[in-house]
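> These protein sequence lines map, in sequence, to chains A and B. Its first residue numbered 337, the first sequence is counted upward by one per residue in my numbering. Its first residue numbered 337, the second sequence is counted upward by one per residue in my numbering. Where is the CB? At the ideal position from N, CA and C, for every residue including glycine. Okay, handing you the structure first.
There are 2 protein chains.
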Amino acid sequence: MAKKATRRRGAAADRGSKRTTIDDVAALSGLTKGTVSRALNGYPDISPPTRVKVEKAARILDYSPLSQAQAIKTGIVRSIGFVLQTYAHDAHRPFLASFLSALSETATDEGWTLTLATSDSDDGTIRTLEWLVKERKADGFILPRTLTRDPRIDFLRGEDVPFVLFGRTSDSTGCAWYDILGELAMEGAVQRLFGLGHRRIAFVNGGINFHYSRLRLRGYREGLGKCGIRFDEALVRSGVLTAPEGAAAARSLLSLRSPPTAFVFAVDSAALGLYRLAEGLGLTIGKEISVVSYDGIPEGALVRPPLTTYSVDRKKAGARLAKLLINRIRGESPENLREFERAVLVERESDGSVTLDSEQLAARLRQAVLRQPSKKEKN
Amino acid sequence: MAKKATRRRGAAADRGSKRTTIDDVAALSGLTKGTVSRALNGYPDISPPTRVKVEKAARILDYSPLSQAQAIKTGIVRSIGFVLQTYAHDAHRPFLASFLSALSETATDEGWTLTLATSDSDDGTIRTLEWLVKERKADGFILPRTLTRDPRIDFLRGEDVPFVLFGRTSDSTGCAWYDILGELAMEGAVQRLFGLGHRRIAFVNGGINFHYSRLRLRGYREGLGKCGIRFDEALVRSGVLTAPEGAAAARSLLSLRSPPTAFVFAVDSAALGLYRLAEGLGLTIGKEISVVSYDGIPEGALVRPPLTTYSVDRKKAGARLAKLLINRIRGESPENLREFERAVLVERESDGSVTLDSEQLAARLRQAVLRQPSKKEKN
DNA sequence: TTAATTTACGAAACCGGTTTCGGCAAGAGA
DNA sequence: TCTCTTGCCGAAACCGGTTTCGTAAATTAA
């Protein structure tokens with residue numbers, strides 16, 4: 337057993353002996369550790385001179401409290417939690433890096449850390465949350481890609497654990513959030529295309545359960561309304577996230593007797609599918625068909641022609657979300673922690689004045705091999 | 337003060353009252369908490385029946401110890417640390433997402449978490465590490481993008497904190513690592529291009545301080561040697577990470593009286609600069625000039641022609657690194673924790689049989705506007 | 001059968017903090 | 001001058017665990 341004990345206190349424990357503890361500060365300042373603690377935590381029953389003395393001693397010894405020692409009593413570890421859903425589609429991947437770095441950057445600035453864990457299924461996400469809450473690895477959570485009806489929210493609400501949404505949801509009681517007004521972007525996209533002369537404008541929406549899809553569809557319809565175009569169910573597809581799915585959706589839309597001359601995509605990565613399809617059909621994007629999308633993924637600048645899209649500042653989103661969550665954990669009520677931001681239009685070359693109307697496009701397409709999928713389209 | 341106290345114990349503390357603690361387990365099993373603790377931690381002085389009794393009670397109560405309560409005594413929080421260098425160039429960005437998710441996935445599987453913090457300068461990185469070590473937010477660290485002489489390593493070695501490198505370094509005492517044999521890839525790239533008939537093969541290296549640059553240059557020379565080509569200093573550039581830098585390096589190489597007909601890039605994102613340059617000059621990549629690169633960033637598949645590159649499995653790297661670090665923290669000696677992997681060649685279309693020799697290429701280039709930078713080349 | 005070991009657990013100290021409680025001393029009010 | 005506050009700090013309990021230490025009971029050895 338002695339052997340085991342020795343093994344146990346390895347490097348970590350040895351290092352521990354060098355830490356300056358609150359007792360050291362107490363000794364140097366000639367006070368008790370209780371007083372030091374209160375002084376450092378801003379309790380009012382500490383006289384100014386004493387407070388100064390303590391602060392000075394703390395500074396001299398370069399003291400900072402051990403967060404987990406505090407946590408055991410206060411229940412706060414100064415860490416924000418984030419569950420990476422590794423099963424989620426790559427559509428949401430490209431942002432992750434800048435988003436996470438912004439999250440953790442703001443956290444770091446506040447002296448907090450970011451605690452990351454993963455899950456490989458929806459159930460797994462809840463289990464991971466349960467685990468993190470139970471072991472108190474994080475004080476609260478950022479929930480990305482919120483669903484209209486989101487089990488994560490139900491769980492955290494039930495456990496009374498603070499959280500902030502990146503997005504919105506149907507039942508907003510007790511929810512704090514930061515969100516981009518995607519609906520305004522979709523509305524703007526329609527109006528922009530209308531301004532370019534397009535009259536049949538399709539909408540390819542994202543995952544049906546994500547709440548943003550609901551909102552973006554609404555924005556699309558709003559845009560149509562403002563342009564005096566009748567909403568046509570036939571021009572809408574949904575549940576489209578990936579490039580292959582995007583290609584399939586576009587193919588089906590172009591197969592209509594009266595095909596759209598312009599596309600609004602709710603998700604950039606799906607819009608890239610249109611590029612593959614167009615290449616296969618010999619269609620020129622930005623001339624024969626137009627597309628405006630949403631997200632602002634880097635690939636959008638690389639494809640030819642570069643993609644016109646509403647870009648989301650993920651960096652800022654991460655920063656604000658971290659801040660909101662920390663305030664939430666500190667006790668601010670969720671109703672006061674709701675922020676909106678707008679996506680900004682990046683005008684590139686994938687949309688242009690209409691050159692063919694729907695009928696002409698249909699004729700043009702009849703010559704192309706619509707029913708015979710080319711190879712290029714895949715991959 | 338009473339008010340303050342009430343505010344302090346918010347949701348977190350309330351939740352705390354519901355946690356099952358080790359005392360609950362002790363009560364249910366009719367033992368003391370010390371015994372329960374020893375039973376659960378595998379101490380030998382516990383009789384089999386007692387151990388079973390404790391385990392059963394723990395299972396019934398769904399008990400799991402509070403990691404920070406353990407940490408205060410053991411010094412281990414079951415978390416691996418990672419410092420995101422936000423100032424580091426985007427060259428390394430695209431990988432981050434899958435890398436981090438792999439790291440945290442393996443950590444999660446082991447019941448550990450990933451603790452993320454950021455820094456915005458080299459000094460800041462050390463300060464962040466100091467902070468994390470001091471507050472004991474993590475038990476050890478993964479160090480990506482290691483330098484030949486790396487202050488992070490010096491610091492952690494000095495503090496006796498466990499770490500694992502993603503890469504290698506000059507002084508490997510006490511270092512555990514996982515690394516990709518980039519030198520073999522560079523060697524292979526040269527041989528491949530030689531096989532396609534190229535005789536003047538340039539090498540555009542990455543950041544000079546990164547240890548991998550040293551190794552990749554070595555691999556390039558090794559490749560030349562095996563092909564019987566004399567090493568020519570004039571054909572080498574280094575410190576090239578971004579697309580603009582890559583474009584500049586390629587321009588300077590093509591300006592030589594005897595320009596290279598093929599390029600080996602140590603970094604994909606720099607290789608993309610060659611595409612911009614070629615577009616500006618009207619050169620056809622894969623025909624008039626060839627390029628083989630290294631990294632395997634997703635954009636490589638999108639550009640035209642798609643980029644032939646040695647791809648690194650970042651997912652696997654993350655998984656292995658997490659595992660290695662956890663073993664390191666558990667006491668395994670660093671010498672036993674060193675692993676290598678190979679990059680795998682993804683054959684695409686950016687390299688092809690030589691169509692112009694160096695002289696012909698030079699002539700071809702003289703017609704192009706070499707000295708007058710076109711606009712397309714930028715951005 | 002008795003002495004010498006083991007075995008297995010309880011008791012208590014400890015880790016590094018926070019928070020409650022009580023009381024002394026100084027200042028205010030009568 | 002004497003009580004009543006108030007301000008300020010020490011003492012001690014507490015948080016949820018781990019680890020040391022000591023010892024009664026069970027084994028083994030003599």
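Express the C-alpha separation of residue 576 (chain B) and residue 420 (chain B) in angstroms, rounding to a whole number.
Roughly 21 Å separates the two Cα atoms.
> Determine the chain A residues that contact residue 453 (chain B) at a beta-carbon separation under 8 Å, and present them in chain order.
Correct list: 440, 443, 444, 449 and 450.
> What are the start and end residues of the beta strand (DSSP E) that includes residue 480 (chain B)?
It spans 476-480 - the beta strand (DSSP E) in which residue 480 (chain B) sits, taken as one unbroken run.
> Identify, in the order they occur along the chain, each residue of the same chain with its Cβ nearer than 7 Å to the Cβ of residue 345 (chain A), setting aside the five sequence neighbours on each side.
Bear in mind that a pLDDT of 36 at residue 345 (chain A), under 50, signals an unreliable position, so the model cannot answer this.
> Which residues, in chain order, does the stretch 355-375 of chain B contribute to contact with chain A at a C-beta distance below 8 Å?
Answer set for the stretch 355-375 of chain B: 355.
> Would you check if there are 3 or more beta carbon pairs closer than 8 Å linking the stretch 486-496 of chain A to the stretch 636-655 of chain A?
The stretch 486-496 of chain A vs the stretch 636-655 of chain A: no contact.
> To be precise: take each residue of the stretch 610-644 of chain B, compare its Cβ to all Cβ atoms of chain A, and keep it if any distance is under 7 Å. Which residues remain?
Those residues of the stretch 610-644 of chain B that come within reach of chain A (Cβ to Cβ, closer than 7 Å) are 635, 638 and 639.
> Report yes or no: do the stretch 440-453 of chain B and the stretch 378-398 of chain B share at least 3 C-beta pairs separated by less than 8 Å?
Segments in contact, no.
> Taking a contact to mean a Cβ-Cβ separation below 8 Å, would you say residue 620 (chain B) touches residue 686 (chain B) in this structure?
For residue 620 (chain B) and residue 686 (chain B), no; Cβs fall outside 8 Å.
> First and last residue of the alpha helix (DSSP H) that includes residue 549 (chain A)?
Per DSSP, residue 549 (chain A) belongs to the alpha helix (DSSP H) from 547-563.
> Counting contacts by CB-CB distance shorter than 8 Å, is residue 662 (chain A) in contact with chain B?
Chain B, which has no Cβ nearer than 8 Å to the Cβ of residue 662 (chain A), makes this no.
> Starting from residue 390 (chain B), find everything on chain A with Cβ-Cβ shorter than 9 Å and list it in chain order.
Neighbours of residue 390 (chain B) on chain A: none; closest Cβ ~17 Å, over 9 Å.
> Could you list the residues in the stretch 465-491 of chain A with a C-beta less than 7 Å from some C-beta on chain B, going in chain order?
If the cut-off is 7 Å between Cβ atoms, the stretch 465-491 of chain A has 470, 471, 472, 473 and 475 near chain B.
> According to the Cβ coordinates, are residue 514 (chain B) and residue 526 (chain B) closer than 8 Å?
Their beta carbons are not under 8 Å apart, which means residue 514 (chain B) does not touch residue 526 (chain B) by this criterion.
> Return the chain-ordered list of same chain residues with a C-beta closer than 6 Å to the C-beta of residue 698 (chain B), the five sequence neighbours on each side being excluded.
595, listed in sequence order.
> Closest to residue 679 (chain A) by C-alpha separation, out of A:670, A:631 and A:695, would be which residue?
Minimum Cα distance to residue 679 (chain A) is reached at A:631.
> Taking 8 Å as the threshold (beta carbon to beta carbon), is residue 437 (chain A) in contact with chain B?
Closer than 8 Å to some Cβ of chain B, the Cβ of residue 437 (chain A) qualifies, so yes.
> Hey, quick one: how far does the alpha helix (DSSP H) through residue 582 (chain A) stretch, first residue to last?
579-590 is the span of the alpha helix (DSSP H), which, as asked, contains residue 582 (chain A).
> Does any C-beta atom of chain B lie closer than 8 Å to the C-beta of residue 397 (chain A)?
Not an interface residue.
> Name the two residues that bound the continuous beta strand (DSSP E) containing residue 611 (chain A).
Here residue 611 (chain A) belongs to no beta strand (DSSP E); instead the alpha helix (DSSP H) covers 604-617.
> Shortest alpha-carbon distance to residue 638 (chain A) belongs to which of B:615, B:653, B:622 and B:625?
Residue B:615 is the option with its Cα nearest to residue 638 (chain A).
> Is residue 712 (chain A) helix, strand or coil by DSSP?
Low confidence applies here, because residue 712 (chain A) scores a pLDDT of 45, under 50, leaving its location unreliable and the question unanswered by this model.
> Please state whether DSSP places residue 701 (chain B) in a helix, a strand or coil.
Looking at residue 701 (chain B) - three-state DSSP - the assignment turns out to be helix.
> Taking 8 Å as the threshold (C-beta atoms), are residue 417 (chain B) and residue 477 (chain B) in contact?
In contact: residue 477 (chain B) and residue 417 (chain B) (Cβ atoms closer than 8 Å).
> Counting along the chain, where does the beta strand (DSSP E) carrying residue 675 (chain B) start and finish?
Start and end: 674-677.
> For residue 369 (chain A) versus residue 381 (chain A), is the C-beta distance shorter than 8 Å?
Cβ atoms of residue 369 (chain A) and residue 381 (chain A): not closer than 8 Å.
> Answer with buried or exposed for residue 666 (chain A), where buried requires no fewer than 16 other C-beta atoms within 10 angstroms of its C-beta.
Counting Cβ neighbours within 10 Å, residue 666 (chain A) comes out exposed, since fewer than 16 surround it.
> Quick one: what's got a C-beta closer than 6 Å to residue 589 (chain B)'s C-beta in the same chain, skipping five residues either side?
Closer than 6 Å at the Cβ level, and outside the excluded window around residue 589 (chain B), lie 538 and 596.
> When the distance is taken between beta carbons, is residue 465 (chain A) closer than 8 Å to residue 657 (chain A)?
Going by C-beta atoms, residue 657 (chain A) is not nearer than 8 Å to residue 465 (chain A).
> Going by C-alpha to C-alpha distance, which of A:571, A:625, A:423 and A:379 sits closest to residue 459 (chain A)?
Comparing Cα-Cα distances from residue 459 (chain A) to each of A:571, A:625, A:423 and A:379, the minimum goes to A:423.
> Within the same chain, show all residues whose beta-carbon is closer than 7 Å to that of residue 670 (chain B), passing over the 5 residues directly before and after it, in chain order.
The residues are 510, 511, 512 and 664.
> Rounding to the nearest angstrom, what Cα-Cα distance links residue 690 (chain B) and residue 533 (chain B) in this structure?
Cα to Cα, residue 690 (chain B) sits roughly 5 Å from residue 533 (chain B).
> Between which two residues does the alpha helix (DSSP H) holding residue 530 (chain B) run?
Taken as a continuous stretch (DSSP letters only), the alpha helix (DSSP H) holding residue 530 (chain B) covers 518-531.
> If you follow the beta strand (DSSP E) that residue 416 (chain B) is part of, which residue opens it and which one closes it?
Segment 415-421, the beta strand (DSSP E) holding residue 416 (chain B).
> Can a CB atom of chain B be found closer than 8 Å to the CB of residue 597 (chain A)?
By this cut-off, residue 597 (chain A) is not an interface position.
> Kindly indicate which three-state DSSP category residue 467 (chain B) falls into: helix, strand or coil?
The answer is helix: DSSP assigns residue 467 (chain B) an H, G or I state.
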